[in-house]
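Have a look at the structure below before the remarks.
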Amino acid sequence: AFRPVDCAAAMLHSIRRASLKPNYLPRARFLSPFSTLRREDVMQHEQSQQTKPLDPAVTPDALRASADRMIGYYLALQKSDGSLLGLDDASHYCKLPNALIWGGKIAEADAMLDFCVQRFFQSNGDFTSMPQPRSGTNYAPQAEKTLHWEFYDFYAYLNQWWITAGVRLSRFDFVGKAFQYVDQHWYNPKTAAGILQEPLSGRYENCIFTSAHLGFTMLHVGEWDRAKAIGDTIVAMVGKQPHLDDTTLTYYNRFDDDFNLLTCFPDDDPGVKLAAIIKGNEAKQCWWSLGYPVAFLAHLHMVTNDSRYLSTAEKILDFARRCHPDLRASIVSHKVMWGAALVSNLSGGRQHWDLVHDIAGHIIKVGQIADGRVMHWDWQRGTPYGEAQVIDQTCEIAYWFYVTARQMEKSEAARKHA
């Protein structure tokens, strides 16, 4: 039986970089004080969600209206070349093209991809903020890649957002080369997994979240067999989780090449570890990292009709349902909302719609401000990273709101015709 290493003494949320790693820029430590649930709190919280009525204010029309305001703020900044006024880092454009496509702003999305290709696309298939990187390698230093330090650790994450948007707009001028770069350097054939931190030639870690993102990209480019192989890896690693169902309530995202979950990291480990371990009894976790594997597995179930993928997605959602109430009152739970909507529509049940309504309702009522942006959450205010986060989160939520609205309509139509 799988026995994880006892790592209670390790600092699980350290993001300090080793001093000899020149590729990384200094960043603040996100070590917020946590509110912790007791055993009885977990049980009471889980029971209360079973009978709570859904938020009637969360409707497809409300989601689309909110998303329209989100992308509307940035459309007002778009220039004739597709760029946004005053915004010149790759991270500023990561998620907006897909949101624009789902919001029906096709010409605007295509123009933005024109700008991204002209400004950020490199001859090796990578995207970097520096027009002509000095490094001359397939792994640019952070100063050349992006000001967004989380995106730098999840190095190929940004690239794949533009690949999926490019597929939707038939942008074969860059999609093939861009995918080839990601496939060659950020896919681990030994584990059938996506990797992060450094490329395959360096000090990398396998990651469930990163695997889901890569698997979703592979579905877009028609690599269905390898997408299924990634899905099988995720099923296996979720199956090895030792604390999804007990009151320890912990989820491990990272694993080694021998398929052992990485349950702790030394304090001086290079790499962002905020999303490596999700401590479900505590607030202010990286809830988004739970949502992507749920959504990817739901899509993989659509392709294969393999029940393993849907049941594993539901297993992650069952864990999410038992987590700290902060999960339902955090804007960074947006991917959980997306995944829950997909699974609920596929399963035909009501079980996870309350997650969708709670998360979306919080974003609309609390997170979003009058000008359309999602601002009421914790980030480094007044810093370049903090401002990039506002753009990133606002545009991603718009995308998921459009998708979730459609899933709600599909579910309602299915019930009417049952």
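Using this note's numbering, the first residue of the sequence shown is number 499, and each one after it goes up by one.
Where is the CB? At the ideal position from N, CA and C, for every residue including glycine.
Sequence-distant residues of the same chain with beta carbon closer than 6 Å to residue i, five excluded per side
{"i": "Cys821", "result": "Gly778"}
{"i": "Ala912", "result": "none"}
{"i": "Arg567", "result": "Gly870"}
{"i": "Arg724", "result": "Met716"}
{"i": "Ile889", "result": "His590"}
Spatial neighbours of residue i in its chain, beta-carbon cut-off 7 Å, leaving aside the 5 residues before and after
{"i": "Asp612", "result": "Gly580"}
{"i": "Phe753", "result": "Asn704, Met735, Leu759 and Leu760"}
{"i": "Tyr897", "result": "Lys593, Asn596, Ala597 and Trp600"}
{"i": "Ser709", "result": "Ala691, Gly692, Ile728, Thr731 and Ile732"}
{"i": "Leu552", "result": "Trp851, Asp852 and His855"}
{"i": "Ala903", "result": "Pro558, Leu561 and Arg562"}
{"i": "Phe618", "result": "Ala588, Phe625, Thr626 and Ser627"}
{"i": "Ser787", "result": "Phe707, Asn751, Ala773 and Ile776"}
{"i": "Lys675", "result": "Gly623"}
{"i": "Ser909", "result": "Ser842 and Asn843"}
{"i": "Asp608", "result": "Leu667"}
{"i": "Leu583", "result": "Leu575 and Lys577"}
{"i": "Arg701", "result": "Gln695"}
{"i": "Leu747", "result": "Val540, His741, Gly778, Asn779, Arg820 and Cys821"}
{"i": "Gly859", "result": "Asp553, Ala555 and Val556"}
{"i": "Glu907", "result": "Pro558"}
Whole-Å CB distance - residue i paired with residue j, under 8 Å assumed
{"i": "Gly713", "j": "Ile728", "result": "4 Å"}
{"i": "Phe926", "j": "Met735", "result": "The question about residue 926 has no answer here: the residues shown for the chain are numbered 499 through 916."}
{"i": "Arg879", "j": "Thr892", "result": "About 15 Å; that fails the 8 Å criterion."}
{"i": "Trp647", "j": "Gln640", "result": "7 Å"}
{"i": "Ser842", "j": "Val834", "result": "That belief does not hold up - the Cβ atoms of Ser842 and Val834 are roughly 12 Å apart, past 8 Å."}
{"i": "Asp651", "j": "Val770", "result": "4 Å"}
{"i": "Gly720", "j": "Gly789", "result": "Not quite, the Cβ-Cβ distance comes to about 24 Å (not below 8 Å), so this is no contact."}
{"i": "Gln887", "j": "Trp877", "result": "5 Å"}
{"i": "Ala839", "j": "Gln905", "result": "4 Å"}
{"i": "Tyr637", "j": "Glu696", "result": "7 Å"}
{"i": "Asp755", "j": "Thr689", "result": "6 Å"}
{"i": "Trp785", "j": "Leu815", "result": "Not confirmed; about 12 Å, so no contact."}
Given residue i as reference, the closest of the options once Cα atoms are compared
{"i": "Phe672", "options": "Cys614, Gln640, Tyr655 and Ala725", "result": "Cys614"}
{"i": "Leu844", "options": "Trp875, Gly602 and Leu798", "result": "Leu798"}
{"i": "Val830", "options": "Leu815, Ile862 and Trp875", "result": "Trp875"}
{"i": "Ile604", "options": "Gly847, Ser809 and Ile569", "result": "Ile569"}
{"i": "Lys782", "options": "Leu808, Ser809, Thr748 and Ser828", "result": "Ser828"}
{"i": "Met610", "options": "Tyr572, Val556, Cys784 and Lys813", "result": "Tyr572"}
{"i": "Ala868", "options": "His832, Glu894, Ala565 and Val665", "result": "Ala565"}
{"i": "Gly847", "options": "Asp586, Leu808, Thr635 and Leu795", "result": "Leu808"}
Sequence-distant residues of the same chain with beta carbon closer than 8 Å to residue i, five excluded per side
{"i": "Thr715", "result": "Gln658, Ile661, Thr662, Phe677 and Val680"}
{"i": "Tyr900", "result": "Leu561, Arg562, Ala565, Ala597, Trp600 and Gly601"}
Closer than 6 Å: residue i CB and nearest the ligand GTP heavy atom
{"i": "Lys863", "result": "Of the ligands one can find in the structure shown there are none, so the ligand GTP has no counterpart to examine."}
Minimum Cβ-Cβ distance from residue i to chain B less than 7 Å
{"i": "Lys833", "result": "The structure shown contains no chain B; it holds only a single protein chain."}
(request) Evaluate contact between the segment 669–687 and the segment 618–627, counting only Cβ atoms and requiring at least three cross-stretch pairs below 8 Å. (result) Touching, yes, given that three or more Cβ pairs across the two stretches are closer than 8 Å.
(message) Threshold first: 4 residues or longer. Then list the alpha helix (DSSP H) segments lying entirely within the segment 620–665, N to C.
(response) Entirely contained in the segment 620–665, the alpha helix (DSSP H) runs reaching 4 residues are, in chain order, 640–643 and 647–651.
(message) Would the segment 877–884 count as touching the segment 804–822 if we require 3 or more Cβ pairs under 8 Å?
(response) No: the two stretches stay apart, fewer than three of their Cβ pairs being nearer than 8 Å.
(message) Which complete beta strand (DSSP E) runs does the segment 717–782 hold, if anything under 3 residues is left out?
(response) Segments of the beta strand (DSSP E) lying fully in the segment 717–782: 748–750 and 775–777.
(request) Say whether the segment 770–784 touches the segment 799–810, bearing in mind that this needs 3 or more beta-carbon pairs closer than 8 Å, one atom from each stretch. (result) With a cut-off of 8 Å, the segment 799–810 and the segment 770–784 do not count as touching, because too few Cβ pairs lie within range.
(message) Which runs of the alpha helix (DSSP H) at least 4 residues long sit entirely within the segment 805–861? Give them in chain order.
(response) 805–820, 832–845 and 851–860, all fully within the segment 805–861.
(message) Please give the ranges of any alpha helix (DSSP H) in the segment 550–576, keeping only runs that are unbroken, at least 4 residues long and fully inside the region.
(response) Taking only runs of at least 4 residues, the alpha helix (DSSP H) segments lying wholly in the segment 550–576 are 558–573.
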